[in-house]
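Visitor: When we follow the working numbering, the leftmost residue of the sequence shown carries the number 7, and every step to the right adds one.
Please read through the structure below; I'll follow up with questions.
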Amino acid sequence: MKKVLLVVLALMIVAGSAFADGELIGVAMPTQSLQRWNQDGANMKAQLEAKGYRVDLQYANNDIITQIQQLENMITKGAKVLVIASIDGSVLSDVLKKAKASGIKVIAYDRLIMNTPDVDYYATFDNFKVGVIQGRYIESALGLAQGKGPFNIELFAGSPDDNNAVFFNKGAMSILQPYLDKKQLVVPTNQTEFTTIAIQSWSSEKAQARMDNLIAMKYSRKTVLHAVLSPNDSLAIGIVASLKNAGYGTAKKPYPVLTGQDCDKANVKAMIAGQQSMSIFKDTRTLAAQVVAMVEAIMKGKEAPVNDTKTYNNGVKVVPSYLCDPVYADKFNFRTLLIDSGYYTEADLQ
Ligand code: BGC
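Rendered as structure tokens:
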């Protein structure tokens with residue numbers, strides 16, 4: 007019996023040394039109110055634990071002070087790496103200075119951390135490309151490349167404190183601007199500036215309120231809305247609610263072409279119901295796997311794998327980045343992308 011125990015013990019020690027010795031990794035996520043971040047957090051935790059790390063996973067309820075306190079706790083607890091999806095990318099300089107002083111490496115997760123030298127790596131999806139795909143979707147749905155138009159469009163952008171929002175907008179406008187110039191696309195409200203169209207905190211309610219205003223301002227019985235550029239799914243939810251209230255979604259007044267991002271369950275259902283046209287699919291499993299590979303390299307004292315060393319300047323330095331590839335889902339391909347890949351079950355979307 008003793009022998010068996012000894013063998014088991016020895017095996018456990020050997021197995022343990024092949025793992026990561028239970029080092030602590032801090033994972034700071036912005037909020038649980040949006041489905042994607044729950045998935046990001048769960049994937050990160052599962053994949054890191056499978057490699058033998060201990061994980062301190064925290065959500066900050068979209069509150070900046072809470073996120074800073076959570077990071078301070080992680081530093082105190084002796085985390086070796088901090089993985090941070092920031093709420094406001096430009097307010098973490100002080101806490102990251104402390105991390106640096108403690109020899110902790112920092113990976114910006116999905117959103118770039120701005121104005122600090124103390125961020126080592128950035129892992130995200132190609133944010134400019136996200137916007138390009140949304141722009142291309144509108145271009146193709148309206149037949150703009152074939153010269154069709156003019157069509158009425160309204161533009162939305164994401165939270166101004168999120169660097170990604172700027173990239174999404176630039177990517178989409180790189181496709182749409184030429185059609186605005188040629189008047190194949192018209193913005194009846196004239197609201198095109200980033201600062202005017204940006205929605206603080208990616209709020210569905212604020213997007214709904216803005217859409218209500220735009221409709222009241224310009225969309226009478228005669229003026230029909232043909233397309234809405236929404237950078238993500240939380241905004242699209244608010245936009246659809248507003249459109250529904252305004253009588254869109256009938257044979258006479260069909261929903262406009264509407265973009266999104268994240269493939270949240272509610273939005274995939276909206277796609278199936280014909281209320282939202284597409285959503286960018288960013289497989290959070292892929293991003294988590296990439297970040298885990300970064301953590302592993304860092305823990306071995308190596309450089310982490312990156313594939314972009316020029317795009318993401320945070321105001322102090324260009325942060326070495328790994329960009330994953332986004333694709334779009336719509337009602338025609340969502341089954342293959344989302345269900346066959348095991349991302350969702352059939353039941354998730356009912
Ligand atoms: C992410 C999007 C997300 C948005 C709102 C962005 O930084 O890249 O995927 O929809 O934040 O949470």
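Quick reminder that beta carbons are idealized off the backbone N, C-alpha and C, glycines included.
As the structure is a prediction and not an experimental result, all values here were calculated from the model.
#1: Taking the alpha helix (DSSP H) that Q64 falls in, what are its first and last residues?
#2: Straight-line CA distance for G109 to K86?
#3: On the criterion of 16 or more Cβ atoms from any shown chain inside 10 Å, does V367 qualify as buried, or is it exposed?
#4: Which of the three DSSP states, helix, strand or coil, is assigned to Q197?
#5: Run the CB neighbour count on G95, radius 10 Å, all protein chains shown included, and call it buried at 16 or more, exposed below.
#6: In whole angstroms, what is the alpha-carbon distance linking T290 and Y349?
#7: As an exercise, report each continuous alpha helix (DSSP H) stretch of at least 4 residues that is fully enclosed by the region 196–257, in chain order.
#8: Which residues in the same chain have their Cβ closer than 8 angstroms to the Cβ of T315, if we skip the five residues on either side of it in sequence?
#9: Measuring only the C-alpha atoms, how far is V234 from L264?
#10: Can you tell me whether S285 sits near the ligand BGC, meaning its C-beta is under 7 angstroms from at least one heavy atom of the ligand?
#11: Do you know how far the Cα of W43 is from the Cα of G266?
#12: Please report the straight-line C-alpha distance between V20 and L30, rounded to a whole angstrom.
#13: Any heavy atom of the ligand BGC closer than 7 angstroms to the beta-carbon of S240?
#14: How should M120 be labelled, buried or exposed, when 16 other C-beta atoms within 10 angstroms of its C-beta is the threshold for buried?
#15: Is the region 196–205 close to the region 159–175, with three or more CB pairs under 8 angstroms?
#16: Helix, strand or coil: how does DSSP classify D46 here?
#17: Note down, in chain order, each residue of its chain lying with its Cβ closer than 7 angstroms to the Cβ of E309, except the 5 sequence neighbours on either side.
#18: Could you confirm whether any beta carbon from chain D is found closer than 8 angstroms to the beta carbon of D116?
Guide: According to the data block:
#1: That residue, Q64, is in no alpha helix (DSSP H); its beta strand (DSSP E) goes 60–65.
#2: 8 angstroms
#3: Given a span of 7 to 356 for the chain in the structure shown, any question on residue 367 remains unanswerable.
#4: coil
#5: buried
#6: 9 angstroms
#7: 200–203, 210–224, 239–251
#8: V324, P326, S327
#9: 5 angstroms
#10: no
#11: 16 angstroms
#12: Unreliable placement is indicated for V20, whose pLDDT of 45 sits below 50; the coordinate value is still reported in the next sentence. Roughly 20 angstroms between the two C-alpha positions.
#13: yes
#14: buried
#15: yes
#16: helix
#17: A303
#18: Of the chains in the structure shown, none is chain D; there is only one protein chain.
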